[in-house]
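K.L.:
Protein chains in written order, with our numbering: chain L, 101 to 511; chain P, 141 to 387.
This is the structure I want to talk about, given as structure tokens.
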């Protein structure tokens, strides 16, 4: 291996790639815009959907209860719902979303309450539908209050204090530091995004520097030079690795800028104090954050994964005769990368010695802990070591492929 | 000097089985002479030249280029060779100067040596006008001149040219022919493959006719005319390969 030649090839590939619009898009534009884009769009859409849903007074139908005017009157007066006349097609109307929910009051409900007999009120909703859920939540609140009022009235009638059935209150308070709360809330998403961007950042340059060169006829030109093929492939590989890591780095910078700018805008708009108040109500004093040293460690752990991705993508693309053919080999890999990255997001999947050897999944799992500020040094060493080993094997395969004339001159 | 000895290259294809692309070929190209390798498409010209340029490894037999063995010292062979073919394209996003500099560095030249060579080549080939423009904007002729400069940057002793005029217009093709003649004058060893008979007649000192991977005839143009009793190279070629129906 000749360092001078390797650097010459790398420098040329870097210059060439930085002049390529498509490489710049995948390396800089996508990661820069993707994270703020996802955050802004997801935040704005969910904010608008929820606030619109909250502004709506849900249409609710009362089924039965004709002989119970007291509960009907209380419902009409106390619940923030719009009561609509009962019709036989209420199930269909809930499905069609013209009716948000229905409440079935059993016959003789008022009388049963007066006698102290149990009664069952049924609520009908469209499960997982936001507005239907809000309507049912409103009805549930109303009936909980109505039950408490009934119990209190009964206790008073018997000359007993209300605390008799409510001897104590339960309150929850968060004691975990904000970065740990943040780690749990968004920690899974960080490695998922890093892994995905690390892969997509390497994808286009890997295809362009191998199959693309074959297609354009520049591969044969470069193979005529006296530089050893190992130096050529390693120079190209370094460029693909640079693109992959630059994509991740840009995404990290973009994420930091988004959080900074987003937080400032939130504070100026007045929504910040409101959110802080909501968070404070749950027990935390500030908005969730991520542990900086943990996030940087995630970045370090991404390096061997980037080597692995770059080498595998190059080895596969080398086999292709054109970029189109290479993309048909490489595109299915996105699924193979996403599945373990997503598995790391699933609740209950915890890091252990066996999972620490599974590439990508191990990074997804350990990163959740790292951004929360928890460092499992043993697992970190195992993951880093095993991924380096996989990366070395993949790089070896890539170099081997580049030395095979049936691959380079595949007819 | 190029010396090929029983050079053989066999490819294995799943559908077609064993393909003897180059079959027991032996010839010698001397300095200051142009060796023309004539053959129809698929005759084995490109494979022969790729073997000499060490892009492919011979299955059996061997060759020496400028005294270096193509199997034992492929790097040294490539350092002495300038290889130009229609399949050797340029990097579109680099300028002509960057392209020549890149190949100069890959050939072990210092930046000072490269600057001198660029000055010489730009003068000889008329590159000054477009030296700092990107190759992707070039006409075919400009690209061809840049390719020649790229091939000659390290002043190689041996030139391997694989159908370098294929697809070029008359002016660009003439520029190539002129460049090849100049190389001969400078005492370089040139091997030139083509299927254009008029080009071979004008340029080549020795002609080898290759057919189905085998060298079926070899000699100077006069020798071939005498042997086949025909004045025209095209007629000689057809007779050497066994008649029109086999081409």
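Where a beta carbon is used, it is the ideal one built from N, C-alpha and C, also for glycine.
Flag this pair as yes or no: are the beta carbons of residue 440 of chain L and residue 461 of chain L separated by less than 9 Å?
P.N.:
Contact flag set, yes.
K.L.:
Can you name, in chain order, every residue of its own chain whose Cβ lies under 7 Å from the Cβ of residue 380 of chain L, other than the five neighbours on each side?
P.N.:
Only weak support exists for where residue 380 of chain L lies, its pLDDT of 45 falling under 50; the coordinates are left without a value.
K.L.:
Among the candidates L/151, L/248, L/240, L/189, whose CA atom is the shortest distance from the CA of residue 179 of chain L?
P.N.:
When each option's Cα is compared against that of residue 179 of chain L, the closest is L/240.
K.L.:
Can residue 404 of chain L and residue 484 of chain L be called in contact, C-beta distance under 9 Å?
P.N.:
Taking 9 Å as the Cβ cut-off, residue 404 of chain L and residue 484 of chain L qualify as a contacting pair.
K.L.:
How about residue 290 of chain L and residue 398 of chain L: do their beta carbons lie closer than 9 Å?
P.N.:
In contact: residue 290 of chain L and residue 398 of chain L (Cβ atoms closer than 9 Å).
K.L.:
Give me, in chain order, the residues of the same chain whose beta-carbon lies closer than 8 Å to that of residue 374 of chain L; leave out the 5 immediate sequence neighbours on both sides.
P.N.:
For residue 374 of chain L, the predicted structure reports a pLDDT of 48, less than 50, and the residue's modelled location is therefore unreliable. The matter cannot be settled from this model.
K.L.:
Let me check understanding here. Comparing Cα to Cα, which of P/286, P/365, P/216 lies closest to residue 312 of chain P?
P.N.:
The candidate whose alpha carbon is nearest that of residue 312 of chain P is P/286.
K.L.:
Nearest-angstrom Cα distance between residue 479 of chain L and residue 409 of chain L?
P.N.:
Near 21 Å, if we compare the C-alpha coordinates of residue 409 of chain L and residue 479 of chain L.
K.L.:
Would residue 176 of chain L be called buried (16 or more neighbouring beta carbons within 10 Å of its own) or exposed?
P.N.:
Exposed, by the Cβ-count rule.
K.L.:
Assuming residue 367 of chain P contacts residue 359 of chain P (C-beta within less than 8 Å), just tell me the rounded distance between them.
P.N.:
Right, their Cβ atoms sit about 7 Å apart.
K.L.:
Establish whether the CB of residue 303 of chain P and some CB of chain L are separated by less than 9 Å.
P.N.:
With 9 Å as the cut-off, residue 303 of chain P does not count as an interface residue toward chain L.
K.L.:
Helix, strand or coil for residue 387 of chain P? Go by DSSP, reduced to three states.
P.N.:
With a pLDDT of 48 at residue 387 of chain P, under the threshold of 50, the modelled position of that residue is not reliable, and no figure is offered here.
K.L.:
Taking DSSP as the reference, what is the three-state secondary structure of residue 475 of chain L?
P.N.:
DSSP places residue 475 of chain L in coil when its eight states are reduced to three.
K.L.:
Using DSSP with H/G/I as helix, E/B as strand and the rest coil, what is residue 383 of chain L?
P.N.:
Here residue 383 of chain L scores only 42 on pLDDT, less than 50, and its place in the model should not be relied on; the value that follows carries that caveat. Residue 383 of chain L falls in the coil class under three-state DSSP.
K.L.:
If contact is defined by three or more beta carbon pairs under 8 Å, each pair taking one atom from either stretch, is the segment 332 to 343 of chain P in contact with the segment 170 to 188 of chain P?
P.N.:
Because the criterion of three Cβ pairs below 8 Å is met, the segment 170 to 188 of chain P and the segment 332 to 343 of chain P touch.
K.L.:
Might you give, ordered along the chain, the residues of its own chain that have their beta carbon closer than 8 Å to the beta carbon of residue 330 of chain L, omitting 5 neighbours on each side?
P.N.:
Only 101, 499, 502, 503 meet the Cβ criterion.
K.L.:
So if DSSP puts residue 200 of chain P in a beta bridge, which residue, or which two residues, is it bridged to?
P.N.:
Beta-bridge pairing links residue 200 of chain P to P/148.
K.L.:
Suppose you measure from the CA of residue 254 of chain P to the CA of residue 127 of chain L; what does that come to, to the nearest Å?
P.N.:
The alpha-carbon atoms of residue 254 of chain P and residue 127 of chain L are separated by roughly 32 Å.
K.L.:
Looking at chain L, is there any beta carbon in it that lies within less than 9 Å of the beta carbon of residue 234 of chain P?
P.N.:
Taking Cβ atoms only, chain L reaches closer than 9 Å to residue 234 of chain P, which makes this a yes.
K.L.:
Classify residue 372 of chain P as helix, strand or coil using the three-state DSSP reduction.
P.N.:
Coil at residue 372 of chain P, not helix or strand.
K.L.:
Contact check, residue 176 of chain P vs residue 344 of chain P under 8 Å by CB: the rounded distance?
P.N.:
Residue 176 of chain P to residue 344 of chain P, Cβ: 3 Å. Contact.
K.L.:
Can you name the start and end residues of the beta strand (DSSP E) that residue 509 of chain L belongs to?
P.N.:
Where residue 509 of chain L is concerned, there is no enclosing beta strand (DSSP E), given that its DSSP letter is neither H nor E.
K.L.:
Would you grab the beta carbon distance between residue 230 of chain P and residue 275 of chain P for me? Rounded to a whole angstrom, and I think it's under 8 Å.
P.N.:
With 8 Å as the limit, residue 230 of chain P and residue 275 of chain P qualify as a contact, their Cβ atoms being about 5 Å apart.
K.L.:
Within this structure, are the beta carbons of residue 189 of chain P and residue 198 of chain P separated by less than 9 Å?
P.N.:
No, they are not a contact pair.
K.L.:
Which term fits residue 200 of chain L, buried or exposed, when burial requires 16 or more other beta carbons within 10 angstroms of its beta carbon?
P.N.:
So residue 200 of chain L counts as buried.
K.L.:
Rank L/327, L/310, L/300 by C-alpha distance to the C-alpha of residue 351 of chain L and give the top, closest one.
P.N.:
The candidate whose alpha carbon is nearest that of residue 351 of chain L is L/300.
K.L.:
How many angstroms separate the CA atom of residue 222 of chain P from the CA atom of residue 303 of chain L?
P.N.:
C-alpha separation (whole angstroms): 33 Å.
K.L.:
From the DSSP secondary-structure annotation, give me the bridge partner or partners of residue 333 of chain P.
P.N.:
Residue 333 of chain P pairs with P/177, P/302.
K.L.:
Along chain L, which residues have their Cβ under 8 Å away from the Cβ of residue 319 of chain P?
P.N.:
Correct list: empty, because the minimum Cβ distance to chain L is about 17 Å.
K.L.:
Output yes if chain P places a C-beta closer than 9 Å to the C-beta of residue 509 of chain L; else output no.
P.N.:
Answer yes: the Cβ-Cβ gap between residue 509 of chain L and chain P drops below 9 Å somewhere.
K.L.:
Take the Cβ of residue 268 of chain L as the centre, count every other Cβ of all protein chains shown within 10 Å, and call the residue buried at 16 or more, exposed below.
P.N.:
It is exposed - the Cβ of residue 268 of chain L has fewer than 16 other Cβ atoms within 10 Å.
K.L.:
Please confirm whether residue 321 of chain L has its beta-carbon closer than 9 Å to some beta-carbon of chain P.
P.N.:
Judged by the 9 Å Cβ criterion, residue 321 of chain L is in contact with chain P.
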